[in-house]
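Q:
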Amino acid sequence: MPTKIILAGEGGQGVQTVAKIIAVTAQRSGKNSSYLPAFGVEQRGGVSLAYLQISSKPITYPRFAKADMVVAFCDRAIPAIKDFLSKDTLFIYDNSVIKNKSLEKIKNLINNYLAMPALALAKEKLSSKVANVVLLGGIIAHLKEIDYQEFEKTLLEEFADKIIKKPEIKDLNLGALKAGIEIAEKFNKEETPFSGIEATEIKTNFSKEKISWQRFPEYCKGCGLCIVRCPTKALQFSRDSGFLGNPMPIVTIEKCIGCGNCMQICPDGAIKVEKST
Ligand code: SF4
Ligand code: SF4
């Protein structure tokens, strides 16, 4: 029987990169693998999903109904992965990102889980950009039939172009992979309950006469484009985090002229500006 894996997260979280690395490594290790990316249809906020199978026999169809392993990178992945869970599924998730209220929705379906503080660890010790590789480490710790060294080779090949320009990327990725494997190997359900983070109330609406400025943390990746584009310097990074854990912009509404530049430049639809006449 193939090993069936579902990975789900936001665009920009590296879901497809992780899936590709696993599929390629399985093949270079003499296994069959299939990898099917699937993206949400909404213009903004579509969940990035990957169907992955590994088998010693030919794989006949890339989609499947229930998964042996489900990996959730963010809150909005939870509704997308729910139907793939069964009592035999291993559920891997980032417990430094996913909120308790999201986990509550699938709690009754989970028997076996691995909670990994991937983003928190990556941010603190490496770089937030390698949080997906920490999760990759957690996955491959459960794919014992494939040699770890082969994963390292594929990982470095995947980032070869970037490593040429910035050699430190090599150690960041290898460090993240090893950290992920270590978390998985030491994981003990008795010590780590099935939980995530508590939702914090973030102020999202700001307004003054005739101008309303709104931000959507669930879509903001913290790129800062809006801040650069604001003609009145009304925007700056705040202490609040968007879905990737990066700082999110906040407006000084008194300085905002309602031009809408920030809304137009934002690639993720994370700002809405309304100006009434
Ligand atoms: S609407 Fe214009 S002035 Fe207001 S925050 Fe956005 S870019 Fe700045
Ligand atoms: S609101 Fe949009 S443009 Fe601004 S930091 Fe967030 S994602 Fe980038």
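In the working numbering, the protein residues as written are 789 to 1065.
In this text, a Cβ means the ideal position worked out from N, Cα and C, and glycines have one as well.
It should be emphasised that the depicted structure is a prediction, and the values quoted were computed from it without experimental measurement.
Taking just the CA atoms, how far does residue 1051 sit from residue 973?
A: Whole-angstrom Cα-Cα distance: 44 Å.
Q: When the Cα atoms are used, what is the spatial distance from residue 961 to residue 812?
A: Distance between the alpha carbons of residue 961 and residue 812 is about 17 Å.
Q: By the 10 Å Cβ neighbour count, where 16 or more other Cβ atoms means buried, how is residue 831 classified, buried or exposed?
A: Legend: pLDDT at residue 831 = 38, less than 50; position of this residue unreliable, value from coordinates given subsequently. With fewer than 16 Cβ atoms within 10 Å of its Cβ, residue 831 is classed as exposed.
Q: Quick one: Cα of residue 892 to Cα of residue 1019, how far?
A: Straight-line Cα distance between these residues: approximately 43 Å.
Q: Assess contact between the region 963-978 and the region 890-908, defined as three or more Cβ pairs (one per stretch) separated by less than 8 Å. Is contact present?
A: As far as the Cβ criterion goes, the region 963-978 touches the region 890-908, which means the pair count is three or higher.
Q: Helix, strand or coil for residue 877 per DSSP?
A: Residue 877 falls in the coil class under three-state DSSP.
Q: Nearest to residue 1004 by CA position, among 844, 1036, 1021, is which residue?
A: With distances taken between Cα atoms, residue 1004 lies closest to 1036.
Q: If you draw a straight line from the alpha carbon of residue 884 to that of residue 1065, how long is it in whole angstroms?
A: For residue 884 and residue 1065, the distance between alpha carbons rounds to 43 Å.
Q: Go ahead and pull the three-state DSSP assignment for residue 867.
A: Helix.
Q: By Cβ distance, which residues of its chain are closer than 8 Å to residue 983, with the 5 residues on each side in sequence left out?
A: Contacts found: 883, 888, 891, 903.
Q: From this set, 1025, 959, 954, 1045, which residue's C-alpha is nearest residue 999's C-alpha?
A: Of 1025, 959, 954, 1045, the residue nearest in Cα terms is 1045.
Q: Nearest by alpha-carbon distance to residue 824: which of 818, 837, 815 is it?
A: The shortest C-alpha separation from residue 824 is found at 837.
Q: In terms of alpha-carbon separation, which member of 799, 1048, 809 lies closest to residue 924?
A: Minimum Cα distance to residue 924 is reached at 809.
Q: For residue 839 versus residue 794, is the C-beta spacing smaller than 8 Å?
A: Yes, the Cβ-Cβ distance between residue 839 and residue 794 is below 8 Å.
Q: On the criterion of 16 or more Cβ atoms from any shown chain inside 10 Å, does residue 803 qualify as buried, or is it exposed?
A: So residue 803 counts as buried.
Q: Report the three-state DSSP secondary structure of residue 970 (helix, strand or coil).
A: Three-state result, residue 970: helix.
Q: Suppose the cutoff is 7 Å on Cβ atoms and the five residues either side in sequence are ignored; what does the same chain contact list for residue 790 look like?
A: If we look at residue 790 and ignore the five residues flanking it on each side, its Cβ neighbours are 841, 842, 843, 847.
Q: Label residue 1038 either buried or exposed according to how many other C-beta atoms from any shown protein chain fall within 10 Å of its C-beta, with 16 as the threshold for buried.
A: The residue in question, residue 1038, is buried, as its Cβ has 16 or more Cβ neighbours within 10 Å.
Q: Got a sec: does ligand 1 put a non-hydrogen atom nearer than 7 Å to the Cβ of residue 905?
A: No; taking the cut-off as 7 Å, the Cβ of residue 905 has no heavy atom of ligand 1 nearer than that.
Q: Hey, how far is the Cα of residue 909 from the Cα of residue 997?
A: C-alpha separation (whole angstroms): 43 Å.
Q: Residue 1012 to residue 880, Cα distance in whole Å?
A: Roughly 30 Å separates the two Cα atoms.
Q: With distance defined between alpha-carbon atoms, name the residue in 991, 964, 866, 857 nearest to residue 919.
A: Of the candidates 991, 964, 866, 857, the one whose C-alpha sits nearest the C-alpha of residue 919 is 964.
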